[in-house]
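Numbering (this note's numbering), first residue to last: 1 to 461.
Quick look at the structure:
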């Protein structure tokens, strides 16, 4: 609660007391004080100040008696909610008696828990902070080499007065200064030397602390930059995955369009030879589309090989595999060296061995297949509707494509797709796929008796 400030003359001690008093009064008067961000100011019931020399011939007051008058008023009213500012306490009289009186006054104010700031040059008072933990020494830093103040407050360290050094700077004769130094007690000289060493060490510690703060700030900046780079890499990976999914979906749509064209050719074929030729042409178009998609994919072959080795099984007929090029699954029909014939979505494709990854044993559920005119078509059950509720968006392509194929093969003019209402995401994805399908001529929401907005009705071309 008590801060005892020492240091040289012209060092800024009195200015510090005045500034603290004015800032407190400005704050309590509703005026924004000139302080830094994060500053906190207590609210005082009273502010007592003994600053300056109020000696008066008219009032028969000497310097010392003027100080005593102010200190008496302070002791009469100061308490734990008071701010007390005392400049040069104990001055104006014999240093020994003045020091004893100043010590008693400071201890009394400390016992009352008043916020007290006092300045002094008396060495006796500097020892008070060592004896009483409620009192703290402080000093205003002074540059001994340039003999100029830095106006930096240092808590915990008493200050030197630098009286002889300032006298030398102001031009007093060297002979006078030498005699004064000889007259200075050895103890005072030792204390002065120790204080000088402490100030130098404190200065070095302060410089090291400033460098550490800079390095910590730099470390924080680097950490923030690394975090931003990590997020950027994560975004790029997500974008790459999104593009790969889009490419796979584009290939499925393209393959479906090729199949549509093949179906039209098959329907128009008059004999078995033309039927087989149309099927072979459809297979070639699908295989060419798959090869083009493989060239555009961004997935590294090494990564695919690593995934394949993790769950490696010998490729054999009937094995269920994942086809990396199109992002779907299929069944192995035939293995030809580095090429493999697989069936997926009712189509037979020849793909490189590197594009296939065997599915886990739990997913090995081969389906019965039958051949028609040289190409494979799944057994399709004709129905006028398909229910897609509960499916994920990435599961729609295959399920919807099969249902549309079955409806077309059965010659149905219209088809109803049940997707439910929900958030609308499933409906939007279904309609996007339908708009990309050339076989669909009309897309409309269901009428009230058909299911309303929970279904989409299509008419085929």
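Backbone N, C-alpha and C fix where the C-beta goes; we use that ideal spot for every residue, glycine too. Since this is a predicted model, take the numbers as computed values, not measurements.
Nearest-angstrom Cα distance between residue i and residue j?
i: residue 414; j: residue 458; result: 6 Å
i: residue 100; j: residue 107; result: 11 Å
i: residue 32; j: residue 9; result: 31 Å
i: residue 430; j: residue 229; result: 36 Å
i: residue 202; j: residue 126; result: 18 Å
i: residue 5; j: residue 198; result: 16 Å
i: residue 43; j: residue 36; result: 18 Å
i: residue 169; j: residue 75; result: 40 Å
i: residue 73; j: residue 98; result: 18 Å
i: residue 212; j: residue 432; result: 59 Å
i: residue 17; j: residue 208; result: 29 Å
i: residue 224; j: residue 217; result: 11 Å
i: residue 184; j: residue 143; result: 22 Å
i: residue 181; j: residue 173; result: 13 Å
i: residue 12; j: residue 149; result: 8 Å
i: residue 206; j: residue 220; result: 21 Å
i: residue 447; j: residue 454; result: 10 Å
i: residue 70; j: residue 222; result: 57 Å
i: residue 34; j: residue 153; result: 17 Å
i: residue 406; j: residue 443; result: 18 Å
i: residue 241; j: residue 204; result: 55 Å
i: residue 231; j: residue 452; result: 43 Å
i: residue 167; j: residue 227; result: 58 Å
Taking DSSP as the reference, what is the three-state secondary structure of residue i?
i: residue 453; result: helix
i: residue 74; result: helix
i: residue 100; result: helix
i: residue 184; result: coil
i: residue 179; result: helix
i: residue 211; result: helix
i: residue 64; result: helix
i: residue 50; result: strand
i: residue 369; result: Confidence is the limiting factor: at residue 369 the pLDDT is only 39, short of 50, which leaves the residue's position unreliable, though a coordinate-based value still follows. Coil.
i: residue 439; result: coil
i: residue 361; result: helix
i: residue 318; result: coil
i: residue 401; result: helix
i: residue 444; result: strand
i: residue 122; result: coil
i: residue 155; result: strand
i: residue 390; result: coil
i: residue 84; result: strand
i: residue 117; result: strand
Thinking C-beta only, is residue j closer than 8 Å to residue i?
i: residue 164; j: residue 147; result: no
i: residue 14; j: residue 87; result: yes
i: residue 438; j: residue 460; result: no
i: residue 135; j: residue 128; result: yes
i: residue 80; j: residue 104; result: no
i: residue 462; j: residue 388; result: Any property of residue 462 remains undetermined from this structure, which presents the chain solely from 1 to 461.
i: residue 412; j: residue 384; result: yes
i: residue 89; j: residue 120; result: yes
i: residue 93; j: residue 1; result: no
i: residue 139; j: residue 159; result: yes
i: residue 29; j: residue 41; result: no
i: residue 322; j: residue 364; result: no
i: residue 340; j: residue 318; result: no
i: residue 344; j: residue 362; result: no
i: residue 450; j: residue 416; result: yes
i: residue 48; j: residue 84; result: yes
i: residue 398; j: residue 350; result: no
i: residue 316; j: residue 342; result: no
Quick one: what's residue i bridged to in DSSP?
i: residue 149; result: 142
i: residue 219; result: Partner(s): none; residue 219 has no beta bridge.
i: residue 200; result: Its beta-bridge partners do not exist; DSSP assigns none.
i: residue 416; result: 385 and 457
i: residue 339; result: 336 and 352
i: residue 137; result: 4
Using alpha carbons as the reference points, say which of the options lies closest to residue i.
i: residue 45; options: 4, 72, 77 and 14; result: 77
i: residue 50; options: 181, 67 and 141; result: 67
i: residue 324; options: 334, 450, 352 and 333; result: 352
i: residue 118; options: 7, 228 and 209; result: 7
i: residue 39; options: 52, 29, 47 and 20; result: 20
i: residue 408; options: 441, 425 and 180; result: 441
i: residue 357; options: 392, 397, 386 and 314; result: 314
i: residue 25; options: 82, 322 and 219; result: 82
i: residue 162; options: 156, 123 and 84; result: 123
i: residue 386; options: 445, 456 and 331; result: 456
i: residue 425; options: 402, 85, 391 and 435; result: 391
i: residue 250; options: 179, 84, 436 and 167; result: 436
i: residue 65; options: 85, 84, 48 and 91; result: 91
With a threshold of 8 Å between beta-carbons, can residue i be considered close to chain B, or not?
i: residue 316; result: Absent from the structure: chain B. Only one protein chain is present.
Are there any heavy atoms of the ligand GDP lying less than 7 Å away from the beta-carbon of residue i, as far as the coordinates show?
i: residue 321; result: Judged by which ligands are present, the structure shown has none, so any question about the ligand GDP falls away.
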